[in-house]
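Some notes on the structure that comes next.
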Amino acid sequence: MPAGLGTSARKFHSISLNRQPGVPFEGDEDGASPITDTAALSAQLLQSDATSAIAQLQRYGKAVPLPSRRSDGAGNAQRLRAPKNYMFAHAATGIPKFENRIPLAKREAVVAAKGDRSGQSGSGKDVAAIDPPEEEMATSAGEDAFFHRTDALGIADGVGGWAGVKDADPSLFARRLMHHVSLEIQRYEDIDDEMFSHYYDAAPVDILRRAYEFTLGEMEALAMRGSSTACVVILRGDELRVANLGDCGLTVVRQGDMVYRTEEQQHSFNYPYQLGTEAHSDRPSDAQVFRLKIQKGDVIIVGSDGVFDNLFDEDILEEVNQHLPPAMRSEGQPELKYSTDSLWYESQQPGDRLEALCRNGGPDKTVEVAPSSTTKVVAGAPKLSLPQFHIDPHAISLAIAKRAKLVSEDTRYTESPFQMRAMQEGLYYQGGKRDDITVVVAVVTDLEDSPDPSYHKPARSEAFKRLTKDDLAYFKTIMPSETVLATAQVGGTADAIELEGFNADWLNKYRGDSQLVLRPKTTEQVSQILQYCSTHRIAVVPQGGNTGLVGGSVPVHDEVVLSLRNMSKIRSYDELSGILVCDAGCVLEELGNYVGERGHVMPLDLGAKGSCHIGGNVAANAGGIRFLRYGSLHGSVLGLEVVLADGTVLDNLSTLRKDNTGYDLKQLFIGSEGTLGVVTGVSVATPQKPSAVNVAVLGVPTYECVQRAFKLARKRCGEVLSAYEFWDANCMGAVLRHHELKSPLGAEFPFYVLIETSGSNKEHDDEKLGALLEELMEEGIAEDGALAQDDSQIARMWSMREGIPESLGKTGPTYKYDVSIPIPVLYDIVGDIARRLETAGLYKPGDATRPVKLVCGYGHIGDGNLHLNVVAERFEDRVTEIFEPYVYEWVASHRGSISAEHGVGLMKRDYLRYSKSPEMIAYMKRVKDLFDPNHILNPYKVV
229 MPAGLGTSAR KFHSISLNRQ PGVPFEGDED GASPITDTAA LSAQLLQSDA
279 TSAIAQLQRY GKAVPLPSRR SDGAGNAQRL RAPKNYMFAH AATGIPKFEN
329 RIPLAKREAV VAAKGDRSGQ SGSGKDVAAI DPPEEEMATS AGEDAFFHRT
379 DALGIADGVG GWAGVKDADP SLFARRLMHH VSLEIQRYED IDDEMFSHYY
429 DAAPVDILRR AYEFTLGEME ALAMRGSSTA CVVILRGDEL RVANLGDCGL
479 TVVRQGDMVY RTEEQQHSFN YPYQLGTEAH SDRPSDAQVF RLKIQKGDVI
529 IVGSDGVFDN LFDEDILEEV NQHLPPAMRS EGQPELKYST DSLWYESQQP
579 GDRLEALCRN GGPDKTVEVA PSSTTKVVAG APKLSLPQFH IDPHAISLAI
629 AKRAKLVSED TRYTESPFQM RAMQEGLYYQ GGKRDDITVV VAVVTDLEDS
679 PDPSYHKPAR SEAFKRLTKD DLAYFKTIMP SETVLATAQV GGTADAIELE
729 GFNADWLNKY RGDSQLVLRP KTTEQVSQIL QYCSTHRIAV VPQGGNTGLV
779 GGSVPVHDEV VLSLRNMSKI RSYDELSGIL VCDAGCVLEE LGNYVGERGH
829 VMPLDLGAKG SCHIGGNVAA NAGGIRFLRY GSLHGSVLGL EVVLADGTVL
879 DNLSTLRKDN TGYDLKQLFI GSEGTLGVVT GVSVATPQKP SAVNVAVLGV
929 PTYECVQRAF KLARKRCGEV LSAYEFWDAN CMGAVLRHHE LKSPLGAEFP
979 FYVLIETSGS NKEHDDEKLG ALLEELMEEG IAEDGALAQD DSQIARMWSM
1029 REGIPESLGK TGPTYKYDVS IPIPVLYDIV GDIARRLETA GLYKPGDATR
1079 PVKLVCGYGH IGDGNLHLNV VAERFEDRVT EIFEPYVYEW VASHRGSISA
1129 EHGVGLMKRD YLRYSKSPEM IAYMKRVKDL FDPNHILNPY KVV
């Protein structure tokens, strides 16, 4: 039992409508089979097990006559209260201590036949074989192992004390333990399994016990030894159930404050409780068991000891708060110097508290976790309604893991919890503890929350071959092994988490299931890869920096990811002409720095310039903020090197500005999104770098004034005008809140304009811009303005415009539409969509309780390019149906384009007809057939 929770603690009594363990429904013999009599179950709704009765009927698709009241046993009617139903939005990050950390030889040679574990709950000795590697349900990170689901999380930490012991593999033990925990949890969802009827009774300590038995049987069959600690978390309704044995841990953060954390179980310093193959190992029944009432928006963090040995609670909380919207961050949060047995909570109103149960070893030891003397209580704090903000679990897990890694590698200049405990034991220790680091993060959301319904994944084409170990073996003959990233499913050794960044886009909206990433270093390797894939009909998705917004750069299913990131050399640069020839994998910002040192600039500039690749820019025909001055890549790109689907290399890396010898084939590949060929080299003309840059931000009252200001800017500053951007008040509010910026203007305005001039004569440019601003103010076109005085102010002004996409994404799930519309009606669609949502009752400006929170627009006036954004509480059909396909119909009615600069990808493939005629689409398909007859390049995209 945790320290501070002695015998004086009162037993906590919780009123629940959930079915009680071991109490069958009437007619449900021994609780082993579900009731199918709806009348009987309807009667059960008047009893305390109403929730389970409803759940069972819903699982069988039965209609439930729901009574509104029940008797309290004294003849008084009481309203039924159904508990909240939640699910997890989840992600994980694992960083192994050593690079080569998973010996697989023993595991892959294990079995000839698969053992049947379904329905088994007895001794693990009956298990004859482990499941094949391709059915692994857990992921390894060194000796750590983990899984994460919408209703459960789990971590096991293989004990490092087995180093040097013959036939010992704690990594295998940990992974198989988590594998079986995950399978045991799945049993509660299998209608043919006896556990199905006990869904709401699921106890993590029982799950852990059954999984442990299977794991022991497997290790015995393998003649292997090992042990690990474990933490298993399951979610039922609004209750979090936790079994924690050893030194893994769990933390709950609510509205920016840490409200709960488990403690470690140690026999002695650095000797944790553990499950293992030895007779003296601890048992699952020794685990600490907790039950917590949770709320929507809670952030659940489960970590291995590599996290909690290296990070103080303040550190973890700081990282979480960095990824919460400002309105959810704790202000004046309690000082976090407390003992690990304390429950920290903020009283939301008198009498409120976090409901937490703790038991150690059995239900008879269930006690109330009461505030101890070290507990900080913020009395009388106002009750806060949780804002419906989007929280990214992947970003949080990555940030915590990276911070723990930095501490673990510092043995001189930092302090750590492990160091403090060692010093308390009288041992000298300095710095962090080098260890495997695993962080699983779950954000509590409503059960009905779902992924973006506008993203309907097409079925996998059976024309494509599924990868085998033979395919992997071939790829390893043509490229270095360190450039091949393959999971066990195709014969590799990489963890699935290592492919996460290649399988998901940066918005985490589009996600594939590739098991193989190839990272060639030369054009010849790309050619050999594609020749093999075309011959064997293996689908391939080319990938650059993976910053796209339409699902064009990630796999849809199990396509091979062909990453160009290793092709990042500058091949040549002519300082006289400013012509740059480089590999496709060069990062745009790095190219900008390179040519900038030589007096030139890249002809395009994007908010994602720090990550995007020039090859991806060309494939998507990216636009950006310099389009007004330098035009599109169709004009700036002088030549390309492209590898076709059959491996043919088209070498057209021309450095000539004039070449009028037949068809200009390179234009076909600019904007083709990797569906016709893979761009491996680019020749691009870089303009002279301006020596004088000025930036001003204006506040204007109407969109008409935005247009009038643009017309006047072109007239007065045409030869030096390099950017003209605009955004509305909703965008400005979001970016100021998220980035905690102060507006350069003295008041709020309906619209904002950023004007940039770039030239060679500062005095001349200053005079022209000053005269323009003066005229705009005198004419009443602009009501206020600010002119940057130095480079730092220029950067801050640009950060307001470039920070809009990220700020909206942090505000909530965002529907994004990148469209081209004639300038006079460009902003009309924003008001039109807002009115449609208001009419449907889904949106009201300033009303945070509605499903839609913001409707806003920003973009490049000079290009006629609008970015329409609808920020919602969550993605749902009733919202999507208001503006899809209406947005595309609206754009088509004004002869616009459904994609201005983001491309078509997967998102807009089915809407291409709104911008292209049937004849044009037919010829696009014929071009695709010509260059890629087997359709292996970026399938399911564009056409």
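Everything in the sequence shown is counted per my numbering, starting at 229 for the first residue and increasing by one. In this text, a Cβ means the ideal position worked out from N, Cα and C, and glycines have one as well.
Is it the case that the CB of residue i approaches a heavy atom of the ligand FMN more closely than 7 Å?
{"i": "residue 839", "result": "The ligand FMN is not among the ligands present in this structure, which contains no ligands whatsoever."}
Roughly how many angstroms lie between the CA atoms of residue i and residue j, to the nearest whole one?
{"i": "residue 1034", "j": "residue 392", "result": "48 Å"}
{"i": "residue 588", "j": "residue 1169", "result": "Unreliable placement is indicated for residue 588, whose pLDDT of 32 sits below 50; no coordinate value is reported for it."}
{"i": "residue 367", "j": "residue 931", "result": "53 Å"}
{"i": "residue 386", "j": "residue 497", "result": "17 Å"}
{"i": "residue 399", "j": "residue 1023", "result": "48 Å"}
{"i": "residue 1061", "j": "residue 463", "result": "38 Å"}
{"i": "residue 978", "j": "residue 972", "result": "15 Å"}
{"i": "residue 1152", "j": "residue 700", "result": "33 Å"}
{"i": "residue 419", "j": "residue 430", "result": "15 Å"}
{"i": "residue 285", "j": "residue 427", "result": "Residue placement at residue 285 is flagged as unreliable, the pLDDT there being 37, under the threshold of 50; a coordinate-derived value is accordingly withheld."}
{"i": "residue 839", "j": "residue 512", "result": "46 Å"}
{"i": "residue 416", "j": "residue 722", "result": "30 Å"}
{"i": "residue 687", "j": "residue 371", "result": "36 Å"}
{"i": "residue 753", "j": "residue 811", "result": "14 Å"}
{"i": "residue 933", "j": "residue 732", "result": "41 Å"}
{"i": "residue 1086", "j": "residue 1030", "result": "10 Å"}
{"i": "residue 827", "j": "residue 916", "result": "6 Å"}
{"i": "residue 541", "j": "residue 1155", "result": "58 Å"}
{"i": "residue 698", "j": "residue 1158", "result": "29 Å"}
{"i": "residue 854", "j": "residue 922", "result": "14 Å"}
{"i": "residue 814", "j": "residue 846", "result": "12 Å"}
{"i": "residue 423", "j": "residue 375", "result": "20 Å"}
Relative to the C-alpha of residue i, which candidate in the options has its C-alpha closest?
{"i": "residue 1051", "options": "367, 629, 757, 936", "result": "936"}
{"i": "residue 730", "options": "743, 433, 721", "result": "743"}
{"i": "residue 775", "options": "410, 1049, 1129, 1066", "result": "1129"}
{"i": "residue 786", "options": "745, 777, 756", "result": "745"}
{"i": "residue 1101", "options": "724, 1040, 1127, 963", "result": "1040"}
{"i": "residue 719", "options": "375, 364, 668", "result": "364"}
{"i": "residue 968", "options": "1027, 872, 896", "result": "1027"}
{"i": "residue 951", "options": "1025, 1005, 999", "result": "1025"}
Could you tell me how far apart the beta carbons of residue i and residue j are, in whole angstroms, since I believe they sit closer than 8 Å?
{"i": "residue 866", "j": "residue 878", "result": "Wrong, their Cβ atoms sit about 15 Å apart, outside the cutoff."}
{"i": "residue 856", "j": "residue 924", "result": "So it is not a contact: roughly 15 Å between Cβ atoms."}
{"i": "residue 641", "j": "residue 650", "result": "Actually they are not in contact, since the Cβ atoms of residue 641 and residue 650 sit about 17 Å apart, beyond 8 Å."}
{"i": "residue 629", "j": "residue 1110", "result": "The pair is not a contact, with the Cβ atoms about 39 Å apart (cut-off 8 Å)."}
{"i": "residue 412", "j": "residue 439", "result": "5 Å"}
{"i": "residue 1013", "j": "residue 927", "result": "7 Å"}
{"i": "residue 1164", "j": "residue 767", "result": "5 Å"}
Does DSSP put residue i in a helix, a strand or coil?
{"i": "residue 375", "result": "strand"}
{"i": "residue 633", "result": "helix"}
{"i": "residue 423", "result": "helix"}
{"i": "residue 432", "result": "helix"}
{"i": "residue 318", "result": "strand"}
{"i": "residue 730", "result": "helix"}
{"i": "residue 521", "result": "strand"}
{"i": "residue 655", "result": "coil"}
{"i": "residue 751", "result": "helix"}
{"i": "residue 799", "result": "strand"}
{"i": "residue 1045", "result": "strand"}
{"i": "residue 665", "result": "strand"}
{"i": "residue 1153", "result": "helix"}
{"i": "residue 1129", "result": "coil"}
{"i": "residue 309", "result": "With a pLDDT of only 37 at residue 309, under 50, the local geometry of the prediction cannot be trusted, and the value read off the model is given with reservation. In this structure, residue 309 counts as coil in the three-state DSSP scheme."}
Checking contacts by CB at 8 Å: is residue i closer than that to chain B?
{"i": "residue 657", "result": "Chain labels in this structure do not include chain B; a single protein chain is all it has."}
Exercise. Curious, which full-length beta strand (DSSP E) runs of at least 3 residues does the segment 834-883 contain?
Worked result: 865-871, 877-880
For this session: Jot down the residue ranges of each uninterrupted alpha helix (DSSP H) in the segment 957-1039, minimum 4 residues, whole runs only, in chain order.
Result: 957-967, 990-1006, 1019-1030, 1032-1039
For this session: Ignoring anything shorter than 3 residues or poking outside the segment 757-781, list the beta strand (DSSP E) runs there in chain order.
Result: 768-771
For this session: Please list the segments of the beta strand (DSSP E) lying wholly inside the segment 876-959, counting only runs of 3 or more residues, in order along the chain.
Result: 877-880, 906-913, 920-928, 949-956
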